[in-house]
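J.:
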Amino acid sequence: VAKKSGRNRFSFFTAGMRDAAWARMKLIDELRHALPQRQLDVYYQPIVELARGATVKAEALLRWHHPQAGLMLPDSFIGLAEETGLIGEIGDWVLGQAAALAREWAARQGGPFQISVNKSPVEFMSKTPVRNWDTYLARDAPGQQCLSVEITEGVLLNDSPWVRDKLASLHNCGVELTIDDFGTGYASLAYLKKFKVDYLKIDQSFVQDMDSGGDSRVFAETIIVMAHKLGLKVIAEGVETAEQRDWLKAAGCDYAQGYLFSAAVPAADFMALLGAAP
Ligand code: C2E
Ligand code: MG
Ligand code: MG
Ligand code: MG
């Protein structure tokens, strides 16, 4: 009996594994076709300048309109895109979309407007020079400071020539550099000067813990003071309440984004949000 149930459990396990492997391969195949079949989309979340309450930036966030599963969030497919190398093509496309819109929105606003684009570590790892970002940005980018690239500290941890090369290339095109999820990585602070970082984005875990009276406020305050002493600006992400916004503003935080202002919305809906920050 033991032997029988053991065998049953074994066959159940392999069937499960087979199904998971099959589902994964199917998703990879679908992801391969997502861009040519126009299923990928970029949503935009407003970033508000706290002193004036004005929306002056936006973060580009990738979405996949999957024909069966519906709207899929990046955490469920970015990993696959990285493993398969599809992230290169997808990442270039997101940058192109953002570059075109930053130019359009700046013109409509009658002032500067910046869109920040997330870049995967994998896009910095290839040894081929710059993925042609420089020629591409010279052609399509709207000019100085209209774009920012968000990377995590992990990208800077391996100080390789090809990472440095790509960052320098972006910098030379007038693209600013944001460290995303700041405070959750393991990098030393020395890189902040070395790599000409422009913005630190305080991770949303600190912002959301702010109300509970723990150490999060101390961390946020420390990040803000340090950043300003180094000449960097600070963005807080995941701001959901007016209390969090008010506290951050009083602490001198420069910018904030979060559901309090708006979730990420399709490009067509974004213009309607401008000028309506709470
Ligand atoms: P991230 O860059 O840290 O983006 C912030 C995430 O928090 C977004 O999730 C955003 O929708 C969500 N968020 C914004 N405000 C709030 C809030 O008030 N409360 C809460 N709980 N969440 C909030 P999303 O869009 O699902 O993106 C997840 C991650 O996927 C991003 O984290 C980023 O690392 C990655 N990602 C998104 N788009 C791209 C892309 O084009 N390329 C690459 N390589 N990665 C991307
Ligand atoms: Mg980001
Ligand atoms: Mg983030
Ligand atoms: Mg994050």
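My numbering puts the first residue of the sequence shown at 124, with every later residue one more than the last. Glycine included, C-beta positions come from ideal geometry on N, C-alpha and C. Please read these numbers as outputs of a predicted model, since none were measured by experiment.
1. Which value, in whole angstroms, describes the spacing of the CA atoms of Ala350 and Lys319?
2. Can you look up Lys317 in the DSSP assignment and give me helix, strand or coil?
3. Please name the residue in Ile170, Thr178, Ala146 and Phe384 whose C-alpha comes closest to that of Ala192.
4. Looking only at DSSP bridge pairs, what is His188 linked to?
5. Using 10 angstroms around the beta-carbon of Tyr167, count the other beta-carbons present and answer buried if the total reaches 16, otherwise exposed.
6. So is Gly336 buried or exposed if we call it buried at 16+ other beta carbons inside 10 Å?
7. Should Thr178 go down as buried or exposed, given a rule of 16 or more other Cβ atoms within 10 Å for buried?
8. For a test of the three-state rule: what should DSSP assign to Lys324, helix, strand or coil?
9. Which two residues bound the contiguous alpha helix (DSSP H) that contains Asp304?
10. Compare the Cα-Cα distances from Gly306 to each of Val171, Thr275 and Pro244 and report the closest residue.
11. Less than 7 Å between the CB of Asp198 and some heavy atom of ligand 2, yes or no?
12. Trp187 to Gln162, Cα distance in whole Å?
13. For Pro284, name the three-state secondary structure that DSSP assigns.
14. Is there at least one non-hydrogen atom of ligand 3 closer than 7 Å to the beta-carbon of Glu276?
15. Whole beta strand (DSSP E) runs in the segment 203-253 with 3 or more residues, listed along the chain?
16. Taking buried to mean at least 16 other C-beta atoms within 10 Å of its own C-beta, is Pro169 buried or exposed?
17. Using a 10 Å radius around the Cβ and a threshold of 16 neighbouring Cβ atoms, would you call Arg368 buried or exposed?
18. Going by CA-CA distance only, name the one from Ala374, Ala390 and Ser311 that's closest to Ser339.
19. Glu363 by DSSP, collapsed to three states: which one?
20. Does the distance from the CB of Ser243 to the CB of Ala183 come in under 8 Å?
21. Quick check on the contact list: which residues have their beta carbon closer than 6 Å to a heavy atom of ligand 3?
22. For the putative contact between Asp303 and Glu273, defined by C-beta atoms under 8 Å, what is the C-beta separation to the nearest angstrom?
T.: Reading off the structure:
1. Here residue 350 refers to the residue found at position 227 when the sequence shown is read from its first residue. Here residue 319 refers to the residue found at position 196 when the sequence shown is read from its first residue. Roughly 12 Å separates the two Cα atoms.
2. Mapped onto the sequence shown, residue 317 falls at position 194. DSSP places Lys317 in helix when its eight states are reduced to three.
3. Counting from one through the sequence shown, the residue named residue 192 turns up at place 69. For Ala192, the nearest C-alpha among the options comes from Ala146.
4. Start at 1 with the first residue of the sequence shown, and residue 188 comes out as number 65. In the DSSP output, where bridge partners are listed per residue, His188 has Leu194.
5. Position 44 of the sequence shown, counting from 1, holds the residue named residue 167. So Tyr167 ends up on the buried side.
6. The residue you call residue 336 lines up with position 213 of the sequence shown. With fewer than 16 Cβ atoms within 10 Å of its Cβ, Gly336 is classed as exposed.
7. In the sequence shown, counting from the first residue as 1, residue 178 sits at position 55. Thr178 should be labelled buried.
8. Numbered from 1 along the sequence shown, position 201 holds the residue referred to as residue 324. Lys324 falls in the strand class under three-state DSSP.
9. Looking up residue 304 in the sequence shown gives position 181. No alpha helix (DSSP H) holds Asp304; the beta strand (DSSP E) holding it covers Glu299 to Phe305.
10. The count along the sequence shown starts at 1 and reaches residue 306 at position 183. Of the listed residues, the one whose Cα sits closest to Gly306 is Thr275.
11. Sequence index remark: in the sequence shown, residue 198 carries index 75 (1-based). Outside the cutoff, so no.
12. For this step, residue 187 is matched to residue 64 along the sequence shown. For this step, residue 162 is matched to residue 39 along the sequence shown. Roughly 6 Å between the two C-alpha positions.
13. Position 161 of the sequence shown, counted from the first residue, corresponds to residue 284. If DSSP states are grouped into helix, strand and coil, Pro284 belongs with the helices.
14. Position 153 of the sequence shown, counting from 1, holds the residue named residue 276. No, the Cβ of Glu276 stays beyond 7 Å of every heavy atom of ligand 3.
15. 237-241
16. Stepping through the sequence shown from its first residue, residue 169 is reached at position 46. Under this definition Pro169 is a buried residue.
17. Residue numbering aside, residue 368 sits at position 245 when the sequence shown is read from its first letter. Classification for Arg368: buried.
18. To locate residue 339, count along the sequence shown from 1; it is residue 216. The shortest C-alpha separation from Ser339 is found at Ala374.
19. Taking the sequence shown and counting its residues from 1, the one referred to as residue 363 is at position 240. Glu363 falls in the coil class under three-state DSSP.
20. For the purposes of this step, residue 243 is taken as residue 120 along the sequence shown, with counting starting at 1. For the purposes of this step, residue 183 is taken as residue 60 along the sequence shown, with counting starting at 1. No.
21. Asp303, Asp304, Lys324 and Glu360
22. Position 180 of the sequence shown holds residue 303. Position 150 of the sequence shown holds residue 273. With a Cβ gap of about 4 Å, Asp303 and Glu273 count as contacting.
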